[in-house]
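**Student:** The structure follows.
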Amino acid sequence: MGDNKKKPEYPFMEIERKWQKKWEEQGVHKAKNYSDKKKYYVLSMFPYPSGALHIGHVSNYSIADAIARFKMMEGYNMLQPMGYDAFGMPAENFAILNNSHPSITTEENIKTMYSQFKAMGFAIDWDRELSTCRPSYYKWGQWLFKKMYEKGLVYRKTSWINWCDDCQTVLANEQVEDQKCWRCDSQVRQKELMQWFFRITDYAEELLDFSKMIDWPERVKAMQTNWIGKSQGTEVDFLLISNHKSQTNNSPENTQVQEVGKSIIKIFTTRPDTLFGVTFMALPPEHPLIVEWLKHEPEDSEILKFCEKVINEDKITRTAADTTKEGIFTGRYCINPVNGDEVQIWITNYVLMDYGTGAVMGVPAHDQRDFEFAKKYHIPIKIVIIPENEQLSDNQSDCNELKSAYIDEGILANSGDFEGMKSELSKSKITEWLLNKGSGRASTTYRLRDWGISRQRYWGTPIPVIHCDDCGVVLVPDSDLPVELPMEVQVGKTTKNPLLSVEKWINVPCPKCQKSAKRETDTMDTFVDSSWYFARYIDSKNQNKPFEEEIADYWLPVDQYIGGIEHACMHLLYARFFHKFMRDIGLVNSDEPFLRLLSQGMVLKDGFKMSKSKGNTVDPQEFIDRYGADTVRLFVLFAAPPEKDKEWSKEGVVGCFRFLNRLYHFFKENEDAIKKGMKMPSKNENDTLNTEIKKLRYSTHNTIKRNLEDFQGRMQFNTNIASIMEHFNNLNAIKNYADLSDIEKYYYAEAALTIPKLLYLYSPHLSEEIWSMFYGSCSEKENFIFQSGVFDYNPEFLVLDKIVYVVQINGKVRGRLEIDVNISEEEIKKAALEIENVKKTIEGKIVEKIIVVGGKLVSIVLRN
RNA sequence: GCGAAAGUGGCGGAACUGGCAGACGCACUGGACUUAGGAUCCAGCGAGGCAACUCAUAGGGGUUCGACUCCCCUCUUUCGCACCA
């Protein structure tokens with residue numbers, strides 16, 4: 002021990018390959034679909050096959066693998082599957098860049114990634130591997146689409162989207178830069194396009210319920226709650242005045258018969274207490290009423306021009322909070338149901354058609370936006386709420402002096418029968434009054450919008466629909482599923498959706514009437530694919546249904562999900578929606594897909610997110626080749642707690658490598674010594690243990706305890722690893738092995754062999770290698786670490802016979818006291834007062850009281 | 001603006017229910033051994049002070065025998081949502 006000879010690096014490459022081979026040969030990572038054992042399903046978000054594992058993947062799967070292996074040790078029937086999220090724009094663009102077809106490049110990338118996964122040595126059941134771009138997978142995505150359609154959860158409607166004429170596709174908001182297409186730089190315009198939607202809003206209320214999860218980060222729950230954005234308020238009907246004042250050409254059609262549905266403007270408000278302060282009505286140009294009115298406008302009308310301008314503004318600019326509020330008066334009026342006031346109707350750029358009822362009552366005195374708008378266009382401002390302790394003074398002068406709206410609640414003024422009532426109470430009273438009059442009702446709205454899943458893209462799951470002139474939308478029969486993507490297309494920069502030009506594929510007979518019809522050419526958003534993949538893993542080879550319900554009952558929900566925070570309001574919400582839908586059609590019997598969620602932090606370089614454009618990327622492969630998978634895995638877990646961002650450090654990796662190296666050489670050098678201590682001597686010599694070994698034994702069991710409890714609770718692997726290093730340092734400090742008694746040698750060996758067992762979760766290859774030095778293959782069967790069960794400690798060894806008390810005077814540490822455990826409080830006080838330094842400090846002062854905290858410290862309080 | 005999280009040495013981070021602030025690792029410094037290398041071993045490592053001690057957990061108050069931890073205020077950073085009526 003401790004000699005100064007040169008040491009070669011440990012042969013990690015050989016060791017890692019060796020154990021990967023053994024694990025595979027003996028199928029130790031395969032999960033059984035039917036088992037008496039309790040199951041544990043560990044899942045990491047699957048990767049998009051970009052051609053190489055990046056450091057984020059390595060971090061994600063290292064966390065998952067630690068949990069997975071712990072559950073294996075605990076004896077669970079553990080499942081950790083892996084697959085690829087292979088459809089979508091990045092894959093399509095990758096193919097375009099390489100002048101190839103995405104089906105080719107994707108499968109190539111999958112191959113590369115698979116071999117990288119193998120080299121990392123994750124405990125993955127590869128028999129269940131899937132890729133979303135294979136017909137065997139997306140067949141069932143299409144099947145689920147149909148089920149959803151049949152349940153009324155799928156619909157088509159025209160909606161306003163960002164459209165690039167050059168690329169002939171919808172652009173997501175983040176693909177529009179400065180009103181221009183990110184790819185071809187041409188002007189983006191708003192276009193009304195027929196799109197497919199999933200009615201996720203039907204589940205809005207249930208999606209707000211997180212009670213069925215065991216452990217989800219507060220942050221994610223808050224983000225989803227925020228995103229769903231439930232608001233309770235009141236819907237109010239404003240009657241239109243049909244022969245409006247400004248109209249000059251009073252044609253009978255316009256003035257008399259109004260369609261019933263259009264004779265009112267419905268608004269939603271969370272502040273019915275301000276209803277008496279309404280001085281205008283704000284509608285977006287897309288509002289059906291406006292659309293109707295515009296038909297009667299002359300071509301050069303200002304109103305028409307204004308509407309066109311607003312509609313063509315890109316969504317982001319238009320909905321930004323700091324965009325100047327603009328509007329135009331329609332010349333028409335409606336009636337405020339609470340007081341009969343005539344209210345001007347304006348078209349504005351700041352009201353959103355797809356929230357609430359798509360119309361807003363303008364209360365300039367009590368809403369900042371309305372206030373700014375009213376100021377600009379000289380619309381009257383009427384105060385109807387005053388702060389509780391103030392009097393309403395001269396109304397008129399007040400309004401002119403106002404610098405901003407009073408948006409808080411208060412006491413109602415100028416409010417008819419509700420005069421003097423508190424906002425809080427008046428809300429329900431006014432709503433009640435409206436209900437009785439039939440011109441309003443309580444209402445709940447959500448910010449959550451239905452999920453638009455149409456993509457005018459080639460590389461995605463085809464929507465299994467055929468359009469027939471006579472029959473309309475016809476679902477592709479089950480027997481014709483999957484609707485496979487045609488392969489004979491050229492993807493390229495210039496072209497529109499390549500599917501549009503595959504005549505052979507598009508033109509099909511209508512399944513109902515056999516007349517010629519056309520296939521839907523939109524494909525599905527890739528988030529549809531990832532919304533149910535966790536369920537497909539449990540029976541991924543099934544050719545007759547998405548998965549067997551009985552197997553799903555065993556495996557679902559996922560016990561532990563690990564992924565990035567970036568999916569909080571997208572993937573994680575969509576997957577919850579899908580799971581609930583699958584429950585409602587009887588496929589699964591649980592309410593939530595993911596019981597526990599760990600959202601891991603990013604790996605940063607120099608404090609920034611790694612990105613190609615910044616040029617601060619790290620290729621993990623480089624480090625894996627040089628220091629081994631065990632080292633890299635250990636580093637990403639040691640650098641910070643899993644949910645925190647971690648800074649990539651080359652030196653840190655080397656530090657982990659050194660630790661593993663030291664460990665390996667320690668066991669090589671002390672192999673014989675440890676072997677001698679492996680058997681508990683028959684004679685119990687506990688009493689004769691020297692203090693050093695007693696401390697080591699304490700270290701062993703305390704380290705195990707810390708690691709065990711951490712896995713049962715907060716899962717901060719960085720401190721676990723630190724504690725293993727610390728314990729190894731303690732073990733290394735024993736230099737007098739030769740002098741030890743048999744029982745001391747036993748505890749020495751125990752201390753040593755604890756290390757591979759604890760480290761197995763983070764650096765499994767080396768751990769197995771060390772373990773096998775002592776518990777090596779007896780026959781054909783290997784003794785894998787997990788088979789030895791989970792690590793456990795003996796609480797008896799954590800009881801010390803001497804304890805160090807810290808002695809404080811007025812809160813400052815003045816000494817310490819090593820004392821027998823069983824000593825009484827009085828004696829401890831006495832002993833504390835006898836410490837030299839304590840004596841000196843309290844000399845000439847009066848001791849007011851002495852507090853003894855059991856097993857920890859003595860606090861002496863002096864009178865000042 | 002709303003919501004969430006966070007702020008501790010040169011750095012990543014420990015300190016779990018209030019009880020020795022800085023575990024573990026990196027970097028650094030000195031030494032040993034070295035045909036020198038990303039090797040190994042020993043020692044040191046918050047600041048000030050010869051020392052006893054003092055000062056330090058973003059800043060300021062408070063509760064307490066005792067506060068990184070609890071309460072109040074302020075500042076800063078990151079993230080999410082954002083004209084949501």
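Per the numbering used here, the first sequence starts with residue 2, numbered consecutively. Just so it is clear, CB atoms sit at the ideal spot from N, CA and C, and this is done for glycine as well. Since the model is a prediction, treat every value here as computed from it, not as a measurement.
1) Can you give, in chain order, each stretch of the alpha helix (DSSP H) that sits fully within the region 604-678 and has at least 4 residues?
2) Specify whether the region 610-629 and the region 704-721 touch according to this definition: at least 3 beta carbon pairs, one from each stretch, less than 8 Å apart.
3) Over what stretch of residues does the beta strand (DSSP E) that includes cysteine 570 continue unbroken?
4) Taking 8 Å as the cut-off, decide whether the C-beta atoms of histidine 379 and glycine 278 are in contact.
5) Could you tell me how far apart the beta carbons of proline 642 and tyrosine 139 are, in whole angstroms, since I believe they sit closer than 8 Å?
6) Leaving out five residues on either side along the sequence, give the residues of the same chain with a beta carbon under 8 Å from the beta carbon of asparagine 99.
7) When the Cα of lysine 39 is compared with those of Val29, Asp66, Gly28, Met79, which residue comes out closest?
8) Determine, using beta-carbon pairs with one atom in the region 711-731 and one in the region 740-749, whether at least three such pairs fall under 8 Å.
9) For the alpha helix (DSSP H) holding serine 137, just list the boundary residues, first then last.
10) In this structure, how does DSSP classify isoleucine 274 when only helix, strand and coil are distinguished?
11) Alpha carbon to alpha carbon, how far is lysine 676 from glycine 28?
12) Considering only residues of the same chain and omitting the five flanking positions on each side of serine 45, which have a CB-CB separation below 7 Å?
13) According to DSSP, is glutamate 26 part of a helix, a strand, or is it coil?
14) Using DSSP with H/G/I as helix, E/B as strand and the rest coil, what is alanine 406?
15) For tyrosine 665 versus leucine 767, is the C-beta distance shorter than 8 Å?
16) Decide if phenylalanine 579 is buried, meaning its Cβ has at least 16 other Cβ atoms within 10 Å, or exposed.
17) How is serine 212 classed by DSSP in three states: helix, strand or coil?
18) Looking at arginine 597 and asparagine 590, is the spacing between their C-beta atoms short of 8 Å?
19) What residue does the alpha helix (DSSP H) around leucine 709 start on, and which one ends it?
20) Between which two residues does the beta strand (DSSP E) containing methionine 195 stretch?
21) Going by the DSSP bridge assignment, what does leucine 588 pair with across the sheet?
22) Please indicate yes or no: does the CB of tyrosine 806 lie closer than 7 Å to some heavy atom of the ligand ATP?
23) To the nearest angstrom, how far is the alpha carbon of alanine 92 from that of asparagine 163?
24) Do leucine 863 and asparagine 811 have their CB atoms nearer than 8 Å?
25) By Cβ distance below 8 Å, which residues in the same chain neighbour histidine 468 in space, the five residues on each side in sequence not counted?
26) DSSP three-state call for phenylalanine 798: helix, strand or coil?
27) Between the C-alpha atoms of glutamate 456 and alanine 96, what's the straight-line distance to the nearest angstrom?
28) Does DSSP classify phenylalanine 785 as helix, strand or coil?
29) Look up phenylalanine 281 in the DSSP assignment and say whether it is helix, strand or coil.
30) Compute the Euclidean distance between the alpha carbons of threonine 325 and lysine 310, then round it to the nearest angstrom.
31) Say whether the region 193-200 touches the region 150-166, bearing in mind that this needs 3 or more beta-carbon pairs closer than 8 Å, one atom from each stretch.
32) Spatial neighbours of lysine 246 within its chain, please: C-beta separation below 6 Å, excluding the five flanking residues on both sides.
33) Leaving aside the five residues before and after phenylalanine 798 along the sequence, list all residues of the same chain whose C-beta is less than 8 Å from its C-beta, in chain order.
34) Just confirm the distance between the C-beta atoms of leucine 858 and glutamine 788, as a whole number of angstroms; I'd bet it's less than 8 Å.
35) For isoleucine 507 and leucine 501, what's the separation of their Cα atoms in angstroms?
36) Is tryptophan 20 helix, strand or coil by DSSP?
**Tutor:** Short version:
1) Taking only runs of at least 4 residues, the alpha helix (DSSP H) segments lying wholly in the region 604-678 are 621-628, 630-639, 651-670, 672-677.
2) Cβ pair count under 8 Å is below three, so no.
3) Per DSSP, cysteine 570 lies in no beta strand (DSSP E) segment and is marked neither H nor E.
4) Cβ atoms of histidine 379 and glycine 278: not closer than 8 Å.
5) Going by Cβ atoms, the distance from proline 642 to tyrosine 139 rounds to 37 Å, so no, they are not a contact pair.
6) Taken in chain order, the residues that qualify are Thr106.
7) Restricting attention to Val29, Asp66, Gly28, Met79, the CA atom closest to the CA of lysine 39 is found in Met79.
8) With the cut-off at 8 Å, the region 711-731 and the region 740-749 do not touch.
9) Counted as a single uninterrupted DSSP element, the alpha helix (DSSP H) harbouring serine 137 occupies residues 136-151.
10) It should be noted that the sequence gives aspartate, not isoleucine, for residue 274. The three-state reading of DSSP puts aspartate 274 in helix, counting H, G and I together.
11) Going by the C-alpha atoms only, they are around 29 Å apart.
12) Sequence-distant partners of serine 45 (beyond 5 residues in either direction) whose C-beta falls short of 7 Å from its own C-beta, in its chain, are Asn61, Tyr62, Ala65, Ile563, Gly564.
13) Helix at glutamate 26.
14) Here alanine 406 sits in coil by DSSP.
15) Cβ distance < 8 Å, so tyrosine 665 and leucine 767 count as in contact.
16) Around the beta carbon of phenylalanine 579, 16 or more other beta carbons sit within 10 angstroms, so the residue counts as buried.
17) If DSSP states are grouped into helix, strand and coil, serine 212 belongs with coil.
18) No, the pair does not count as a contact, with Cβ atoms beyond the cut-off.
19) Where leucine 709 is concerned, the enclosing alpha helix (DSSP H) starts and stops at 692-713.
20) In this chain, the beta strand (DSSP E) harbouring methionine 195 covers 189-199.
21) In the DSSP output, where bridge partners are listed per residue, leucine 588 has none listed.
22) For the structure depicted, the ligand ATP is absent and the ligand set is empty, with no information on it obtainable.
23) One C-alpha to the other measures close to 22 Å.
24) Annotated as proximal: leucine 863 and asparagine 811, with beta-carbon spacing under 8 Å.
25) Val474, Val475, Ala518, Lys519, Arg520, Glu521, listed in sequence order.
26) In this structure, phenylalanine 798 counts as helix in the three-state DSSP scheme.
27) According to the sequence provided, residue 456 is arginine. The question's glutamate does not apply to it. Each residue's Cα considered, the two are about 18 Å apart.
28) Note: phenylalanine 785 maps to coil in three-state DSSP.
29) Assigned with DSSP and collapsed to three states, phenylalanine 281 falls in strand.
30) Each residue's Cα considered, the two are about 14 Å apart.
31) The region 193-200, when compared against the region 150-166, does touch it at the 8 Å Cβ threshold.
32) Unreliable positioning characterises lysine 246 in this predicted model, as indicated by a pLDDT of 43, which lies under 50. The coordinate reading is nonetheless provided below. Nothing meets the Cβ criterion.
33) Here phenylalanine 798 has Arg698, Tyr699, Thr701, His702 as same chain residues with Cβ atoms under 8 Å from its own Cβ, once five neighbours each way along the sequence are excluded.
34) About 44 Å; that fails the 8 Å criterion.
35) Taking C-alpha positions only, isoleucine 507 is separated from leucine 501 by approximately 7 Å.
36) Residue state, collapsed to three classes: helix.
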